[in-house]
Amino acid sequence: MCIWIITIFGLLLRVLFINKAEGLWNDEYISWMIASQPLTNGFIENIKWQCHMPFYYLYLKFFMTLFGQSDLALRLTSVLAGTASIPVMYLAGREINKRTGIVAALFTALSSFLIYYSQEVRLYAILFLFSAISLLFTLKIIKTPNSKNLSGFVTSCFLILITHTIGFVYVFFILLLISVFLFKKYKREISGLWIGITLIAAILSPLIIKIFTANSFSQWWGQFSPAKFGFLITDYFSPVLTNLVDSPSKFFYNPSPEFFIFAVIPALIALFWIIKAAIKNKINTGLLLICISVIAVMSIAALMGKLVFITKYSMEIYPALLFLAAYGASGINNKLLRYSLITLFCLLQIIYLITSPLSAPKIRRAQGHAIVADLINKSNLQEGDFIILEYYPQSRFEKYIDFSKYNVISIDKGNFPSYMSPQGDYAKAFKEGKELYRNEFASNSNPYLKFKIYNDVVKHLKKNQSVLVIMLNSVAFYPSNVMMTIAANDELYQKTPLLFLVFSHIKTQVFFDLSESLTRIDFKSRGDWAAIKFTKLNN
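So the sequence shown is numbered by the working numbering: it starts at 8 and just counts up by one.
Have a look at this one:
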């Protein structure tokens, strides 16, 4: 009975404030856009250029077929996976004893990190579910190595591999753990397993090399810092979510009593539990080593510039960390200390969830694409007017608005090189963009961009026609004087992500170029988006 009460409570937390008025933001929008394509006409092609594996898009497509494509229906697919994870974590903890199972389920139900991703149209809720199942069968197979447990383990690991591109890192280490514990009894089978893994790795090596050498701006926005490790723990064990997209370079960026109470204290309690669990037995030690190893691989990849160290990318290890925390919490011999720590930990989660406007279910999607549709609809544009979309292409907004009566120009992260210079080559911009555009940033001028705006927009305008410029302020936030300062300082220039510079430059230049020949009529902003309307009043 207790586990079902916890599961229902977890479900309620996951549907609280689930209807996001801002709509889907970019990553969610991509999920919907791919899943909405016909299987034989667009779906496979879109999967090929995605950085993630195909299972989640098939999962989403299945539910879209049954329940439609509204934002609410899409979000409920993650609620389903997120809620199902609660009893699975109970079963994992139940492998130790019932108390550990209840505590593991309670921690899972209250996890702000899981609540947040149970409301996201992304793969992370179902990835946690698969990882929790793999943890369950890891514990089972070490205790009772039979065909049933082996099938459960293999299936869950396979699902991880076809859901998350870097899921193979976790699967490798979890296989290593099982091999260590079962090697004495199953030498031949385990030796054969690793020979097979070696052969598969050799066959897939061209794909692995391609992943690590591909030119892409998909992982460009964040700098690695040791503070990421601290935010990983606070994201996982406190209600204060910091590293959802990127995080500050310093852990104590906000040295307030609230941060200490709601972020630091729960994280320290959880670390105490995890360490206590890890020294209790070898299996727990192995699980913690897996977590550390996955984090180490992520750190190396981040330092190489291949991914941004974001907490969600390590989702596979989260069930193991929650299990260790539950094991440590439930295993304290002193009853008063045991229940005092668990009560304090849970109360801090609940108080923040209820009272904070920044709690997981209340976090606004400031980049939601429905905001853009709203800004356009409120701009009183006429048929034939122009819209300039900066950073994202037109296809990223078509779920919410019909562009057919407008002339739309996109200057996005896929085609910006063709607007920045005559040498508009994407590969060249990726490799040499900092050198190629430095003079434009330093001089605060770009004659080629001015020519392109005139040629694509201004020269086609008739009297009383308008241009609406849509800007994403969260990637274009440097004013021209700051841009010039950055460009003049070698060290600062190298540290600043190129696309922040590019779209800050484009935002400023397009504004000034249009202001020279048109009249600014209106300005609106909402979330991270802004819209400026210009009108041609004279011939």
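Where is the CB? At the ideal position from N, CA and C, for every residue including glycine.
The structure presented is a predicted model; accordingly, all values stated were derived computationally and were not measured.
Residues bridged to residue i (per DSSP)
i	result
residue 526	542
residue 536	479, 533
residue 414	393
residue 474	393, 541
residue 463	Residue 463 is not bridged to any residue.
residue 419	398
Cα-Cα separation between residue i and residue j, rounded to whole angstroms
i	j	result
residue 391	residue 473	9 Å
residue 260	residue 476	34 Å
residue 356	residue 269	8 Å
residue 417	residue 532	19 Å
residue 191	residue 374	54 Å
residue 226	residue 253	Low per-residue confidence applies at residue 226: pLDDT is 49, beneath 50, and the placement is therefore not dependable, though the value from the model is reported in the following sentence. Rounded to whole angstroms, residue 226 to residue 253 spans 11 Å at the Cα level.
residue 69	residue 17	24 Å
residue 157	residue 196	12 Å
residue 412	residue 406	16 Å
residue 175	residue 255	29 Å
residue 79	residue 23	12 Å
residue 480	residue 84	30 Å
residue 15	residue 93	10 Å
residue 490	residue 544	32 Å
residue 82	residue 25	7 Å
residue 419	residue 432	14 Å
residue 49	residue 56	11 Å
residue 322	residue 122	13 Å
residue 487	residue 387	30 Å
residue 320	residue 231	14 Å
residue 557	residue 350	In the structure displayed, the chain extends from 8 to 546; residue 557 sits before or after that span and is not available.
residue 299	residue 352	23 Å
residue 527	residue 76	37 Å
residue 129	residue 470	45 Å
residue 296	residue 233	19 Å
residue 285	residue 44	46 Å
residue 542	residue 525	6 Å
residue 341	residue 271	24 Å
residue 436	residue 263	42 Å
residue 209	residue 200	14 Å
Top-ranked residue by Cα proximity to residue i, from the options
i	options	result
residue 442	287, 495, 200	495
residue 505	517, 483, 526	483
residue 87	288, 19, 146, 150	19
residue 273	297, 50, 237, 293	237
residue 519	502, 540, 503	540
residue 167	60, 207, 239, 395	60
residue 185	435, 70, 291	291
residue 452	465, 433, 471, 426	426
residue 89	126, 282, 250, 408	126
residue 457	516, 419, 491, 205	516
residue 27	367, 537, 316, 11	367
residue 251	81, 371, 53	371
residue 10	21, 33, 97, 80	97
residue 538	421, 467, 434, 396	396
residue 12	25, 110, 54	110
residue 163	62, 342, 487	62
residue 613	544, 8, 535	In the structure as shown, the chain starts at 8 and stops at 546, and residue 613 therefore has no counterpart that could be examined.
residue 172	151, 131, 183	131
residue 384	404, 365, 344	404
residue 428	460, 414, 409	460
residue 205	187, 152, 183, 188	183
is_contact[residue i, chain C] using C-beta, thresh 8 Å
i	result
residue 311	No chain C appears in this structure, which consists of one protein chain only.
Unbroken alpha helix (DSSP H) runs of length 4 or more, entirely within the region 297 to 342: which are they? 325 to 337
Kindly confirm or deny that the region 38 to 47 and the region 377 to 388 touch, where touching means at least three C-beta pairs closer than 8 Å. no
Any 3 or more C-beta pairs closer than 8 Å across the region 113 to 122 and the region 237 to 252: Because the criterion of three Cβ pairs below 8 Å is met, the region 113 to 122 and the region 237 to 252 touch.
Below 8 Å, can you find three or more Cβ-Cβ pairs linking the region 263 to 280 to the region 399 to 407? Taking a contact to require three or more Cβ pairs closer than 8 Å, the region 263 to 280 and the region 399 to 407 do not qualify as touching.
For the region 333 to 343 against the region 298 to 312, do three or more pairs of beta-carbon atoms, one drawn from each stretch, fall closer than 8 Å, so that the two count as touching? no
So, does the region 314 to 330 touch the region 120 to 136, judging by three or more C-beta pairs under 8 Å? yes
Can we say the region 356 to 374 touches the region 287 to 305, given the rule of at least three CB pairs closer than 8 Å? Here the region 356 to 374 does not lie against the region 287 to 305, with fewer than 3 beta-carbon pairs under 8 Å apart.
Given 8 Å, three or more beta-carbon pairs between the region 446 to 461 and the region 511 to 522: yes
For the region 100 to 115 and the region 139 to 156, state whether three or more C-beta atom pairs, one from each stretch, are separated by less than 8 Å. The region 100 to 115 makes contact with the region 139 to 156, as at least three CB pairs between them are under 8 Å.
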